[in-house]
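In mature numbering (1 follows the signal peptide of the UniProt record, and there is no 0), the protein residues as written are -26 to -1, 1 to 543.
Don't be surprised by glycine CBs; every beta carbon is placed ideally from N, CA and C.
Written out below as structure tokens is the structure these notes cover.
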């Protein structure tokens, strides 16, 4: 896992960036786009150029803004460079995202001017527009000289740097969809694409063929062959070649990826696609999401899940205006510290056996629970998809996977490989698996980390590609849960900002309405329509689309009691 601070990153200068159009793609990559349409650039792209008699510091800042426009091989940015480096400058080597850029004059000699450029690196854009969180510093130098009375940049390194505001203003996030390793679920792969194009359809399809980003790749599978090629869009038809060797099942699933990606990007809700002139899927000349409803990546966002709560050692189901203890053994025991409930009616509960021992119990609601792993402390359990496997953390260090046999109800345990966390200090207090099980969120020593769940074999799991996200929350995070759109809902001990939302890729962290919340927020949960938090006094709820002026209200049936919310998934 990444440490909270990395060593200072030093470059000889800073620049600004972007990716997409085919600007999001690496220089040498398969598959290739052949003869795709060329969308028109935005009108304001053409007017970003050096202003006459611009002061040198303002010219440098304008240059950074121009580098955020990748069209024409960064033609706008090159107008700020002297003629001897305008063609040789390579902005594609490195793309860093900083919170802001600070300029300080560092040297003046023989008519040349040097600026020291500094900033906090918060992330980088990898090939294909994937955002990778970072947490380090950059210090660089940019040199300028006057030519015919006008300042121009004469020295800068390869690579680029973009301010966070430029990322938000010039780019927009879009999701590609790839199947998980079981090929049953579609996993979102968020990409930042330049918004200065009238259409991004060809770009999305090309990226889809290119495959998942390196971060999420260990949790996904690739269906299209390496020699697959996207030929472009001809009369509304998405044309492919090099895919003749795919089976009908592989074609069907690739079609599901294609249709859901284009639909959720609001490009089209009806897709026609061919391989070498024949329909991508036999008998399906025109495809919609209805044809692939079983793979709906947003099914959780359209459901109405049940609400449960742990209160005073008991597991309650909250319905209407009241709450009652659940049926079976889970409703008869009164030493429950935390729990999780699956859509399939499975429950995993941490029971407090003594002052120094907790134990996980698991089984079907309404039936007997069987005991499993013990520890001085156990983190709140979290279910994998299907509800037969739950994860917990024993004593803050050992991530344990508890599997229930559907046939016998017997439980078995296996430790999850967490070697990717060995450089991270602190104990793991919270773990939460995402709705697809492809990602995991963790709280370690009050900081939020995300990782990817890699499947070595059917029973082995590894946590890989770990990143700290939301460094603004460092040391204050107490609770976390995945929202249905893939973002994280976080509760903290900070009185001024007790609840946060962190985007799935860590690209931003924003505070949610504080209203009448009193820190600490020790538990959070999220349904498609409602956010739940447990603050210092009670269990509160807020509509998911609440405004800054919204107030959190107590949950009916649990007024006046401090309960921990659970959304069945």
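Relative to the alpha-carbon of residue i, which residue among the options has its alpha-carbon at the smallest distance?
i, options, result
"residue 477", "324, 454 and 273", "454"
"residue 144", "347, 44 and 30", "44"
"residue 341", "351, 360 and 300", "300"
"residue 412", "429, 228 and 380", "429"
"residue 400", "381, 364, 423 and 85", "423"
"residue 482", "95, 360 and 42", "95"
"residue 389", "383, 382 and 377", "377"
"residue 91", "113, 48 and 500", "113"
"residue 48", "31, 27 and 170", "170"
"residue 164", "252, 104, 465 and 225", "104"
"residue 499", "521, 491, 520 and 465", "465"
"residue 125", "243, 88, 252 and 99", "88"
"residue 398", "380, 419 and 391", "419"
"residue 250", "26, 533, 214 and 142", "214"
Straight-line CA distance for residue i to residue j?
i, j, result
"residue 137", "residue 109", "14 Å"
"residue 456", "residue 273", "15 Å"
"residue 79", "residue 67", "26 Å"
"residue 111", "residue 403", "29 Å"
"residue 493", "residue 537", "15 Å"
"residue 531", "residue 511", "15 Å"
"residue -5", "residue 212", "Annotation note: pLDDT 34 at residue -5 (below 50); position unreliable, coordinate value reported separately. If I take the Cα positions, the gap works out to 17 Å."
"residue 40", "residue 46", "12 Å"
"residue 542", "residue 55", "57 Å"
"residue 290", "residue 407", "22 Å"
"residue -17", "residue 450", "Residue placement at residue -17 is flagged as unreliable, the pLDDT there being 38, under the threshold of 50; a coordinate-derived value is accordingly withheld."
"residue 189", "residue 356", "22 Å"
"residue 436", "residue 351", "22 Å"
"residue 441", "residue 417", "12 Å"
"residue 363", "residue 195", "21 Å"
"residue 77", "residue 35", "9 Å"
"residue 375", "residue 73", "38 Å"
"residue 335", "residue 181", "44 Å"
"residue -3", "residue 240", "Any reading at residue -3 needs caution, since the residue's pLDDT is 38, under 50, leaving its predicted position unreliable; the model's value is listed next. Approximately 19 Å between the Cα atoms of the pair."
"residue 353", "residue 539", "15 Å"
"residue 386", "residue 346", "8 Å"
"residue 59", "residue 51", "12 Å"
"residue 383", "residue 432", "18 Å"
"residue 525", "residue 460", "24 Å"
"residue 279", "residue 71", "38 Å"
The alpha helix (DSSP H) with residue i in it runs from where to where?
i, result
"residue 59", "57 to 60"
"residue 457", "Note, residue 457: premise wrong, no alpha helix (DSSP H); not H, not E."
"residue 32", "30 to 41"
"residue 544", "Residue 544 is absent from the model: the chain starts at -26 and stops at 543."
"residue 138", "138 to 144"
"residue 179", "175 to 184"
"residue 47", "45 to 52"
Less than 8 Å between the beta carbons of residue i and residue j, yes or no?
i, j, result
"residue 218", "residue 232", "no"
"residue 127", "residue 116", "yes"
"residue 53", "residue 23", "yes"
"residue 323", "residue 339", "no"
"residue 469", "residue 485", "no"
"residue 332", "residue 325", "yes"
"residue 167", "residue 148", "yes"
"residue 154", "residue 119", "no"
"residue 245", "residue 261", "yes"
"residue 505", "residue 463", "yes"
"residue 255", "residue 236", "no"
My understanding is that residue i touches residue j, with C-beta atoms under 8 Å, so please give their C-beta distance in whole angstroms.
i, j, result
"residue 106", "residue 93", "In fact, because the Cβ distance is near 17 Å, the residues do not count as touching under 8 Å."
"residue 230", "residue 204", "In fact, because the Cβ distance is near 17 Å, the residues do not count as touching under 8 Å."
"residue 192", "residue 426", "5 Å"
"residue 488", "residue 497", "Their Cβ separation, rounded to whole angstroms, is 17 Å, which puts residue 488 and residue 497 out of contact at 8 Å."
"residue 42", "residue 140", "4 Å"
"residue 63", "residue 130", "7 Å"
"residue 187", "residue 206", "Not really, about 23 Å apart at Cβ, beyond 8 Å."
"residue 527", "residue 514", "6 Å"
"residue 133", "residue 199", "The Cβ separation is near 33 Å, so there is no contact."
"residue 271", "residue 415", "The Cβ separation is near 18 Å, so there is no contact."
"residue 313", "residue 292", "Actually they are not in contact, since the Cβ atoms of residue 313 and residue 292 sit about 13 Å apart, beyond 8 Å."
May I ask whether a heavy atom of the ligand GDP can be found less than 7 Å away from the beta carbon of residue i?
i, result
"residue 35", "Absence of the ligand GDP from the depicted structure is noted, as is the absence of any ligand whatsoever, leaving it without description."
Looking at the secondary structure, which residues open and close the beta strand (DSSP E) in which residue i lies?
i, result
"residue 490", "Where residue 490 is concerned, there is no enclosing beta strand (DSSP E), given that its DSSP letter is neither H nor E."
"residue 344", "343 to 349"
"residue 121", "105 to 121"
"residue 82", "76 to 83"
"residue 297", "296 to 299"
"residue 261", "Residue 261 -> no beta strand (DSSP E), and no H or E assigned at all."
"residue 403", "402 to 407"
"residue 398", "Looking at the DSSP string, residue 398 is not in any beta strand (DSSP E), and its letter there is neither H nor E."
"residue 337", "331 to 338"
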